[in-house]
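K.L.:
Mapping the sequence shown onto this note's numbering, position 163 (from 1) lands on 193, and the numbers just tick up by one.
The C-beta atom is built at its ideal place from N, Cα and C for all residues, glycine as well.
As the structure is a prediction and not an experimental result, all values here were calculated from the model.
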Amino acid sequence: MAQTPSRRQPSASALPAPGRGSRRPARRFLRRLATGLALACALMVGQWCLNAARFKILVNSLDNRVGFVTSLKAFMANVFISAITPSQTGGGPVQIYILSRAGVPVARGFKLDHAAAVQASVAEAEASLNGSGRIVLRASGTEPLIRVMVEGRDAAQVRHTAETIADAVRIAAAAG
Numbered sequence: 031m032a033q034t035p036s037r038r039q040p041s042a043s044a045l046p047a048p049g050r051g052s053r054r055p056a057r058r059f060l061r062r063l064a065t066g067l068a069l070a071c072a073l074m075v076g077q078w079c080l081n082a083a084r085f086k087i088l089v090n091s092l093d094n095r096v097g098f099v100t101s102l103k104a105f106m107a108n109v110f111i112s113a114i115t116p117s118q119t120g121g122g123p124v125q126i127y128i129l130s131r132a133g134v135p136v137a138r139g140f141k142l143d144h145a146a147a148v149q150a151s152v153a154e155a156e157a158s159l160n161g162s163g164r165i166v167l168r169a170s171g172t173e174p175l176i177r178v179m180v181e182g183r184d185a186a187q188v189r190h191t192a193e194t195i196a197d198a199v200r201i202a203a204a205a206g
């Protein structure tokens, strides 16, 4: 009959103290986890600041002065809105558009509906925006002005479109 070799029992000095040896790897893991989380948070804040700086540069290029803190607030609002919308992937419905406004003085009683040249200018401008913006023309309720508002993604195109429509309104208002 063959004997099975007996297992040797480790001596009491070779065993870790109860609850002591198992804490070292856990503490090391928690320390590494905390370091990783701190690094991830720092990188995220850095990305937010870079995007806010990019937004500030964009707005300042449009001759509007805005501070860094204001641009950071605007960017964070955009991040928040994008996160709570159903289609947050792919840009979501909240995107920044450039707005150009112009007020064209006209005589009291001027009707936009009767200005065919203005309507043609608006139709041409809407075609040039190619569905990536909008145009609003309305009479002011407080002064004899026609308000021209153009929104779009390209600042130069938006500014040019607003000026072109405003010029058409000026010509139509001068013609009577």
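What residues in its chain sit with their C-beta under 6 Å from that of V136, if we drop five residues either side in the sequence?
P.N.:
To locate residue 136, count along the sequence shown from 1; it is residue 106. Answer for V136: P174, I176, A203, listed in chain order.
K.L.:
Could you name the residues that DSSP lists as bridge partners for P135?
P.N.:
The residue you call residue 135 lines up with position 105 of the sequence shown. For P135, which the question treats as bridged, DSSP gives the partners L175.
K.L.:
Here's the rule: buried if 16 or more other CB atoms are within 10 angstroms of the residue's CB, otherwise exposed. What is Q187?
P.N.:
Translated into the one-based positions of the sequence shown, residue 187 becomes position 157. Answer is buried; the Cβ neighbour count reaches 16.
K.L.:
Using DSSP with H/G/I as helix, E/B as strand and the rest coil, what is A185?
P.N.:
Along the sequence shown, one-based indexing puts residue 185 at 155. Correct three-state label for A185: helix.
K.L.:
I need the DSSP call for V166, collapsed to helix, strand or coil.
P.N.:
Locating residue 166 in the sequence shown gives position 136, counting from the first residue. Strand.
K.L.:
How should S151 be labelled, buried or exposed, when 16 other C-beta atoms within 10 angstroms of its C-beta is the threshold for buried?
P.N.:
As a working mapping, residue 151 is identified with position 121 in the sequence shown. Label assigned to S151: buried.
K.L.:
Here's the rule I'm using: 16 or more other beta-carbon atoms within 10 Å means buried, otherwise exposed. How should I128 be labelled?
P.N.:
By one-based count along the sequence shown, residue 128 stands at place 98. Buried: at least 16 other Cβ atoms inside 10 Å.
K.L.:
Looking at V134: is its Cβ nearer than 9 Å to the Cβ of R183?
P.N.:
The residue labelled residue 134 in the question sits at position 104 within the sequence shown. The residue labelled residue 183 in the question sits at position 153 within the sequence shown. Contact: no.
K.L.:
Throw me the rounded Cβ distance for the V148 and A198 pair, which I believe falls under 8 Å.
P.N.:
Translated into the one-based positions of the sequence shown, residue 148 becomes position 118. Translated into the one-based positions of the sequence shown, residue 198 becomes position 168. Confirmed, Cβ separation roughly 5 Å.
K.L.:
If the criterion is Cβ atoms closer than 9 Å, does the pair S91 and A185 meet it?
P.N.:
As a working mapping, residue 91 is identified with position 61 in the sequence shown. As a working mapping, residue 185 is identified with position 155 in the sequence shown. Against a cut-off of 9 Å, the Cβ pair of A185 and S91 comes out as a contact.
K.L.:
Strictly by DSSP, which residues pair up with S129?
P.N.:
One-based indexing of the sequence shown puts residue 129 at position 99. Residue identity check: residue 129 is Leu in the sequence provided, not Ser. The partner list for L129 (beta bridge, DSSP) reads E181.
K.L.:
How long is the line joining the alpha carbons of S101 and K86, rounded to whole angstroms?
P.N.:
Numbered from its first residue, the sequence shown carries residue 101 at position 71. Numbered from its first residue, the sequence shown carries residue 86 at position 56. Going from the Cα of S101 to the Cα of K86 covers about 6 Å.
K.L.:
Would you identify the three-state DSSP class for K141, choosing helix, strand or coil?
P.N.:
Position 111 of the sequence shown holds residue 141. Residue state, collapsed to three classes: coil.
K.L.:
From D143 to L167, what does the alpha carbon distance come to, in whole angstroms?
P.N.:
Position 113 of the sequence shown, counting from 1, holds the residue named residue 143. Position 137 of the sequence shown, counting from 1, holds the residue named residue 167. Cα to Cα, D143 sits roughly 11 Å from L167.
K.L.:
Under a three-way DSSP split, which group does S151 fall into?
P.N.:
Counting from 1 along the sequence shown, the entry for residue 151 is found at position 121. If DSSP states are grouped into helix, strand and coil, S151 belongs with the helices.
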